[in-house]
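UniProt numbering numbers the first residue of the sequence shown as 1 and each following residue consecutively.
Ideal Cβ positions, reconstructed from N, Cα and C, are used throughout, including at glycine.
Heads up, the thing below is written out as structure tokens.
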Amino acid sequence: MGNGSMKSKRYKPTDASVSTSNGQAHKDHCGAFKHSSLDSLRARVEELEREGRRKDEELCAKEQQIKGLQEQLAKQTRLLSELSEELQNKCIQLNKLQDVLKSGAPTGLTSRPPSVRASGKSSPNLSVRIKETLNRRKGAKAGVSAEPTSSSLPKFSFEKARVPKDASVKKLLTDALNKNQYLKRLELQQIKDMVECMYECSYQQGEYVVKQGEPGNHLFVLADGKLEVFQQNKLLTSITVWTAFGELAILYNCTRTASVRAVNKVRTWALDREAFQNIMRRTAETRHEQYRNFLRSVSLLANLPDDKLSKIVDCLEVEYYDRGEYVIRQGEEGSTFYIIAQGKVKVTQTTEAYKLPQTINTLQKGDYFGEKALISDDVRSANIIADENGVECLVIDRETFDHTVGNFNELQKHLEGYVATLDRDDKKRHAKKSVSRHQSQPLSSDFVQLKDMVSVFSSSRPFDHLEVIATLGVGGFGRVELVKVKGEDMTFALKMIKKKHVVDNRQEEHIHSERRILAEARSAFVVKLYRTFRDNKYVYMLLEACLGGEIWSLLRDRGSFDEPTAKFCVGCVTEAFEYLHRKGVLYRDLKPENLMLDSEGYIKLVDFGFAKKIRSGQKTWTFCGTPEYVAPEIILNKGHNFSVDFWALGILVFELLTGSPPFSGSDQMMTYTFILKGIEKMDFPKKITRRPEDLIRKLCRRNPAERLGNLKNGITDIKKHRWFNGFNWEGLKARTLPSPLRREVSTHFYSNMDVIAMMRDPQSNSLTIAKKKQQKKSNILMRFIPCNSVST
Numbered sequence: 001m002g003n004g005s006m007k008s009k010r011y012k013p014t015d016a017s018v019s020t021s022n023g024q025a026h027k028d029h030c031g032a033f034k035h036s037s038l039d040s041l042r043a044r045v046e047e048l049e050r051e052g053r054r055k056d057e058e059l060c061a062k063e064q065q066i067k068g069l070q071e072q073l074a075k076q077t078r079l080l081s082e083l084s085e086e087l088q089n090k091c092i093q094l095n096k097l098q099d100v101l102k103s104g105a106p107t108g109l110t111s112r113p114p115s116v117r118a119s120g121k122s123s124p125n126l127s128v129r130i131k132e133t134l135n136r137r138k139g140a141k142a143g144v145s146a147e148p149t150s151s152s153l154p155k156f157s158f159e160k161a162r163v164p165k166d167a168s169v170k171k172l173l174t175d176a177l178n179k180n181q182y183l184k185r186l187e188l189q190q191i192k193d194m195v196e197c198m199y200e201c202s203y204q205q206g207e208y209v210v211k212q213g214e215p216g217n218h219l220f221v222l223a224d225g226k227l228e229v230f231q232q233n234k235l236l237t238s239i240t241v242w243t244a245f246g247e248l249a250i251l252y253n254c255t256r257t258a259s260v261r262a263v264n265k266v267r268t269w270a271l272d273r274e275a276f277q278n279i280m281r282r283t284a285e286t287r288h289e290q291y292r293n294f295l296r297s298v299s300l301l302a303n304l305p306d307d308k309l310s311k312i313v314d315c316l317e318v319e320y321y322d323r324g325e326y327v328i329r330q331g332e333e334g335s336t337f338y339i340i341a342q343g344k345v346k347v348t349q350t351t352e353a354y355k356l357p358q359t360i361n362t363l364q365k366g367d368y369f370g371e372k373a374l375i376s377d378d379v380r381s382a383n384i385i386a387d388e389n390g391v392e393c394l395v396i397d398r399e400t401f402d403h404t405v406g407n408f409n410e411l412q413k414h415l416e417g418y419v420a421t422l423d424r425d426d427k428k429r430h431a432k433k434s435v436s437r438h439q440s441q442p443l444s445s446d447f448v449q450l451k452d453m454v455s456v457f458s459s460s461r462p463f464d465h466l467e468v469i470a471t472l473g474v475g476g477f478g479r480v481e482l483v484k485v486k487g488e489d490m491t492f493a494l495k496m497i498k499k500k501h502v503v504d505n506r507q508e509e510h511i512h513s514e515r516r517i518l519a520e521a522r523s524a525f526v527v528k529l530y531r532t533f534r535d536n537k538y539v540y541m542l543l544e545a546c547l548g549g550e551i552w553s554l555l556r557d558r559g560s561f562d563e564p565t566a567k568f569c570v571g572c573v574t575e576a577f578e579y580l581h582r583k584g585v586l587y588r589d590l591k592p593e594n595l596m597l598d599s600e601g602y603i604k605l606v607d608f609g610f611a612k613k614i615r616s617g618q619k620t621w622t623f624c625g626t627p628e629y630v631a632p633e634i635i636l637n638k639g640h641n642f643s644v645d646f647w648a649l650g651i652l653v654f655e656l657l658t659g660s661p662p663f664s665g666s667d668q669m670m671t672y673t674f675i676l677k678g679i680e681k682m683d684f685p686k687k688i689t690r691r692p693e694d695l696i697r698k699l700c701r702r703n704p705a706e707r708l709g710n711l712k713n714g715i716t717d718i719k720k721h722r723w724f725n726g727f728n729w730e731g732l733k734a735r736t737l738p739s740p741l742r743r744e745v746s747t748h749f750y751s752n753m754d755v756i757a758m759m760r761d762p763q764s765n766s767l768t769i770a771k772k773k774q775q776k777k778s779n780i781l782m783r784f785i786p787c788n789s790v791s792t
């Protein structure tokens with residue numbers, strides 16, 4: 001190559017070497033990428049873990065915060081409960097202090113007619129005590145009553161009471177009644193009948209529809225115009241068209257609490273109390289009789305006595321099934337018995353011969369099925385399907401049936417005994433000497449001697465033989481005097497009932513009933529009646545004087561009773577109810593105001609103004625009782641029996657343990673609204689422990705047939721309740737059990753009641769204060785009874 005040098009051969013890589021080199025480079029690159037991705041992923045995982053830990057810490061912090069808030073809420077709830085209880089106690093103390101502060105006002109009760117013997121002038125301190133006691137008695141609960149429906153029912157004609165109306169007016173009236181808090185709870189048929197009987201009333205501008213303080217007798221619905229409501233001449237509100245008002249007046253005798261005045265020309269529809277009460281009774285009795293006839297058609301139940309059938313009727317529930325809906329299915333186990341009240345059902349059955357259900361029967365109103373379920377578990381042998389228009393069934397399950405009237409075996413034994421009793425009664429029917437079904441306690445020698453003593457008194461001039469010591473109670477009905485036999489050391493309570501008040505309020509039946517029941521009563525837990533008198537103005541009842549005081553006054557002063565004291569009170573009342581119910585007597589006015597203590601501290605039931613004798617299985621319909629104590633069926637005019645006394649017993653237990661009843665509103669209708677809502681969902685105060693709460697809830701069941709005391713074992717179920725575990729019932733009956741309420745009674749003439757030492761001219765209505773005797777142990781204040789009560 002010119003200079004002799006050689007060029008080196010240039011290296012040219014082969015395809016294989018190139019490929020290897022590139023693969024290595026790619027591998028290195030991928031490795032680096034993977035390493036980078038793993039690092040990134042690890043970093044991301046670490047970041048997520050850190051985030052998770054942070055979230056966990058935040059969640060833990062939130063949980064701690066929530067826990068702290070929950071603890072704080074629980075603490076605040078406990079504090080609120082304690083403050084509520086403290087407030088209740090403070091209110092009780094405040095009322096007592098207000099009584100004392102207000103007692104300095106003049107009483108206006110110091111006039112003294114010349115005919116009354118009284119030495120010296122009344123002490124100013126005595127006048128203060130009168131005023132103080134009048135204030136203290138303001139909290140006492142008053143009874144209310146309608147006219148007995150038995151006196152008005154035969155005269156009432158629904159057809160004559162109906163007033164023609166077009167369909168549009170009926171619709172508006174129905175809607176107005178259904179908007180009312182009380183009336184909307186009535187049955188559809190009752191509302192319909194009320195609308196039929198309402199009649200038209202017109203008022204001019206400025207005219208009063210109702211006036212405060214006057215007796216009320218009508219429910220109104222405003223149809224046209226404008227009304228204004230006044231109380232003490234102060235405008236409260238106005239009433240718009242198609243609004244119902246004045247409903248309290250159709251329940252019972254009462255005075256209007258406000259005035260309603262027409263702003264312009266007004267047109268209303270009205271319904272009077274007599275029509276309302278008879279509609280309620282008519283519809284309820286018709287339904288009850290229909291249901292009872294249904295039960296009579298069931299072979300298993302046909303021979304049961306009326307009282308058992310009535311209990312079953314009360315237990316029946318209404319169930320509705322739409323078209324095509326299965327009431328029961330073949331092959332299912334069942335424990336429910338059905339009666340068809342309205343509509344029809346189709347009975348289908350699947351057999352080995354037919355795979356598809358075949359219709360084998362059709363049942364209609366009055367027919368029944370599933371009766372075997374009342375005896376034992378029943379496997380349904382067919383399908384029952386609602387027909388095209390649906391079906392309404394009356395239903396009762398075996399558990400309810402067994403608790404209420406007993407299982408089938410018990411009923412069979414009962415029926416055997418019942419038939420045997422009928423046979424014995426049939427044999428005795430021709431005997432010369434009859435034997436009373438209910439054995440009373442033997443008459444004490446003291447009672448017989450006192451009856452003999454007063455039997456010679458003039459029947460029309462009791463004050464020829466009796467001397468008034470003090471007034472124990474006053475009211476619209478009359479008054480109750482503490483009296484003594486002239487020249488003797490015997491004291492009585494003389495109940496003086498104004499004849500005019502009785503006639504004006506149509507309470508004759510109640511007065512006659514009270515006299516008959518007390519005259520026959522022979523129980524240590526019922527006040528004794530020795531004699532009755534009458535003159536031109538009054539009917540008199542000479543009663544046992546219970547000088548140990550009144551439970552209501554003790555409860556007011558203490559605030560509440562401890563459980564042993566409450567248990568003793570309830571035990572005494574239970575013994576009284578057992579005796580009365582066995583005699584067929586319904587009491588209907590239980591409350592602390594009607595429980596008096598004798599000298600041994602034992603309770604006696606007083607004031608039988610609302611008591612009534614009823615037959616087994618019978619219901620009564622008159623609205624009467626004390627608003628806070630009346631049972632739902634009284635409010636709804638469904639008819640009631642002995643079960644209302646058990647409801648009231650539950651209310652009494654609550655009031656004795658807390659100082660106030662569970663249902664109390666700003667007015668009577670509000671109280672009734674609370675009662676109708678029921679006690680089931682009510683929260684009980686801490687003062688009531690688990691066992692008495694259970695007793696109260698069982699006594700205050702909404703359905704009367706399910707109340708303790710009204711089940712198959714009767715009042716024994718109450719005595720055997722866990723709250724009474726260890727209670728000495730035999731000692732109570734024998735009066736050997738020491739009473740926690742016994743107080744010292746210093747003389748026959750002085751008592752522990754709220755009365756005031758005074759004398760009264762028997763022929764005058766004015767009160768006269770006598771000179772107070774200088775005795776340290778006398779504790780006599782006036783027992784004031786609200787004037788709207790017929791009873792003491």
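Provide the residue span of the beta strand (DSSP E) that contains residue i, from first to last.
i	result
Thr-673	Here Thr-673 belongs to no beta strand (DSSP E); instead the alpha helix (DSSP H) covers 668-677.
Lys-267	Going by the sequence as given, residue 267 is Arg instead of Lys. Unbroken beta strand (DSSP E) run through Arg-267: 266-272.
Lys-502	Per the sequence shown, the amino acid found at residue 502 is Val instead of Lys. No beta strand (DSSP E) holds Val-502; the alpha helix (DSSP H) holding it covers 499-504.
Lys-604	603-605
Glu-544	538-544
Leu-219	218-224
For residue i and residue j, what's the separation of their Cα atoms in angstroms?
i	j	result
Glu-544	Ile-715	27 Å
Phe-568	Trp-729	10 Å
Ile-191	Leu-183	8 Å
Glu-371	Asn-383	15 Å
Arg-54	Thr-77	34 Å
Lys-733	Gly-549	21 Å
Lys-500	Leu-219	26 Å
Glu-247	Tyr-199	15 Å
Arg-522	Lys-528	8 Å
Within 10 angstroms of its Cβ, does residue i collect 16 or more other Cβ (buried), or is it exposed?
i	result
Leu-80	exposed
Leu-251	buried
Leu-767	Confidence at Leu-767 is low in this model, with a pLDDT of 39, below 50, so the placement of that residue should be treated as unreliable; the coordinate-derived value is given next. Leu-767 should be labelled buried.
Asn-765	Confidence at Asn-765 is low in this model, with a pLDDT of 40, below 50, so its placement is unreliable and the value that follows should be read with caution. Result: exposed.
Lys-179	exposed
Ser-513	buried
Pro-164	exposed
Val-456	exposed
Leu-482	buried
Pro-215	exposed
Cys-60	exposed
Tell me whether the beta-carbon of residue i lies closer than 7 Å to the beta-carbon of residue j.
i	j	result
Tyr-203	Val-266	yes
His-403	Leu-711	yes
Tyr-629	Lys-604	no
Ser-560	Leu-657	yes
Val-480	Ala-493	yes
Ile-517	Ala-611	yes
Gly-213	Thr-255	yes
Ser-304	Ala-341	The amino acid occupying residue 304 in the given sequence is Leu; Ser does not appear at that position. Not closer than 7 Å, so no.
Phe-642	His-581	yes
Pick from the options: whose alpha carbon is nearest that of residue i?
i	options	result
Glu-159	Lys-141, Asp-667 and Cys-197	Cys-197
Phe-230	Asn-217, Phe-220, Lys-211 and Pro-215	Lys-211
Asn-361	Lys-346, Leu-374 and Glu-514	Lys-346
Leu-227	Leu-219, Leu-235, Ile-239 and Lys-234	Ile-239
Leu-271	Phe-408, Tyr-326 and Asp-193	Asp-193
Arg-329	Pro-357, Gly-216 and Lys-308	Pro-357
What residue range is occupied by the uninterrupted alpha helix (DSSP H) comprising residue i?
i	result
Gln-190	188-197
Val-644	643-658
Arg-534	Not the alpha helix (DSSP H): Arg-534 falls in the beta strand (DSSP E), residues 529-534.
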